[in-house]
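As structure tokens, the structure follows; a few thoughts come after it.
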Amino acid sequence: MAIDVTEQDFEAQVVERSRELPVVVDFWAAWCGPCRALGPVLEKAAAAREGQVVLAKLDTDANPALSQSFGIQGIPAVKAFRDGEVVDEFVGNQPPAAVERFFDALVPSEADALVAAGDEAGLRRVLELEPARADAAVALARILHARGEGGEALALLEGAPGNFAAEGLAARIRLEQEDDPALGTAFAALDAGEHERGLDALLGALEGSPDGRREDLRRAVVGVLDELGVDHPLARESRRRLAAALY
Numbered sequence: 000m001a002i003d004v005t006e007q008d009f010e011a012q013v014v015e016r017s018r019e020l021p022v023v024v025d026f027w028a029a030w031c032g033p034c035r036a037l038g039p040v041l042e043k044a045a046a047a048r049e050g051q052v053v054l055a056k057l058d059t060d061a062n063p064a065l066s067q068s069f070g071i072q073g074i075p076a077v078k079a080f081r082d083g084e085v086v087d088e089f090v091g092n093q094p095p096a097a098v099e100r101f102f103d104a105l106v107p108s109e110a111d112a113l114v115a116a117g118d119e120a121g122l123r124r125v126l127e128l129e130p131a132r133a134d135a136a137v138a139l140a141r142i143l144h145a146r147g148e149g150g151e152a153l154a155l156l157e158g159a160p161g162n163f164a165a166e167g168l169a170a171r172i173r174l175e176q177e178d179d180p181a182l183g184t185a186f187a188a189l190d191a192g193e194h195e196r197g198l199d200a201l202l203g204a205l206e207g208s209p210d211g212r213r214e215d216l217r218r219a220v221v222g223v224l225d226e227l228g229v230d231h232p233l234a235r236e237s238r239r240r241l242a243a244a245l246y
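Start counting the sequence shown at 0; every next residue gets the next number (numbering that gives the first Met the number 0).
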């Protein structure tokens with residue numbers, strides 16, 4: 000079921016509400032034939048995702064200021080709002096399949112919801128649905144690693160090449176198999192949130208290490224930096240130190 004919105008309540012019903020759920024706004028007019036054709040398709044798609052998305056209808060003739068502010072030049076015009084911003088849009092009548100894809104992109108899939116929940120059974124289900132999904136593989140591998148099941152964790156991570164988090168965790172598991180007390184201390188520090196101490200130890204271990212071990216140390220460091228994020232001050236300094244140590 001769609002809600003009717005106007006210039007008076009647009010801020011509350013669309014902009015603010017989109018901070019809780021995606022809101023799809025149908026800019027339409029009574030005289031517009033394509034609008035009348037698209038309306039039921041939008042309503043059906045929204046009804047199928049009840050509780051996950053809101054459909055709002057705005058009469059462009061009755062609300063010209065809003066139409067102008069959003070640059071509406073042709074109708075039907077459909078805009079999707081999330082967190083107060085337009086995140087997707089299209090103009091003109093669209094076939095049902097295209098409308099379904101538009102809505103699908105706004106709401107979490109079953110796999111998205113299971114990854115967010117993060118429990119082992121759910122993560123295994125995600126990998127049944129989407130075997131190449133790296134975020135699920137990494138999350139499940141972390142659970143297995145913490146439980147001491149490094150072999151299965153490594154097998155999962157091999158299915159996510161090119162993912163810094165996956166490669167970093169795989170490298171850590173291989174390095175832990177060396178039973179090096181210094182590296183054990185480094186990983187314990189990282190697990191305790193002492194990132195600077197842990198990174199110092201990993202970077203220090205690079206000097207004099209053979210090529211294979213150096214590559215795993217590099218991947219382990221990069222995995223930590225990826226987790227910290229590019230703008231973290233420690234990450235910036237550690238990237239500089241890593242480059243200096245390698246080259």
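Glycine is no exception: its CB is placed at the ideal position from the N, C-alpha and C atoms. As the structure is a computational prediction, the values presented were derived from the model and not from experiment.
Give the straight-line distance between the Cα atoms of Q12 and V4, rounded to the nearest whole angstrom. 7 angstroms
Under 8 angstroms Cβ to Cβ from L245, same chain only, skipping five residues before and after it: list those, please. L205, R213 and R217
Consult DSSP for D230 and reduce its assignment to one of helix, strand or coil. coil
Cβ atoms of A185 and L201: under 7 angstroms apart, would you say? yes
Report the residue from G83, E88 and F80 whose alpha carbon sits nearest the alpha carbon of I74. E88
Are the C-beta of G197 and some C-beta of chain D separated by less than 7 angstroms? Looking at the structure shown, chain D is missing, and only one protein chain is on hand.
Could you tell me whether the Cβ atoms of V77 and D8 are closer together than 7 angstroms? no
Quick check: the Cα distance between P107 and E129, rounded to an integer number of angstroms? 14 angstroms
Quick one: complete alpha helix (DSSP H) runs, 4+ long, within the segment 52-111? 63-68 and 95-103
Could you spell out where the beta strand (DSSP E) holding V22 opens and where it closes? V22 to W27
Give the list of continuous alpha helix (DSSP H) stretches no shorter than 4 residues that lie fully inside the segment 162-218. 163-175, 180-190 and 194-205
Taking only three categories from DSSP, how would you classify D225? helix
Would you kindly work out how many angstroms separate the C-alpha atoms of R239 and S208, rounded to a whole number? 19 angstroms
Between which two residues does the alpha helix (DSSP H) carrying V125 extend? E119 to L128
Assuming I142 and E119 form a contact by the criterion Cβ under 8 angstroms, report the distance between their Cβ atoms to the nearest whole angstrom. 5 angstroms
According to DSSP, D3 sits in a beta bridge with which residue or residues? K56
Between which two residues does the alpha helix (DSSP H) containing D8 stretch? Premise fails: D8 is in no alpha helix (DSSP H) and is neither H nor E.
Under 7 angstroms between the Cβ atoms of A44 and F102? yes
Alpha carbon to alpha carbon, what distance is there between D111 and N62? 37 angstroms
Reduced DSSP category for A288 - H, G, I as helix; E, B as strand; rest coil: There is simply no residue 288 to check, as the chain begins at 0 and stops at 246 in what is shown.
Tell me where the alpha helix (DSSP H) around C31 begins and ends. Unbroken run through C31: none, as it is neither H nor E.
Below 7 angstroms between beta carbons: does that hold for G197 and I172? no
Run the CB neighbour count on A96, radius 10 Å, all protein chains shown included, and call it buried at 16 or more, exposed below. exposed
Take L54 as the anchor and find which of R81, Q67 and L65 has the nearest alpha-carbon. R81
Do A79 and P39 have their C-beta atoms within less than 7 angstroms of each other? no
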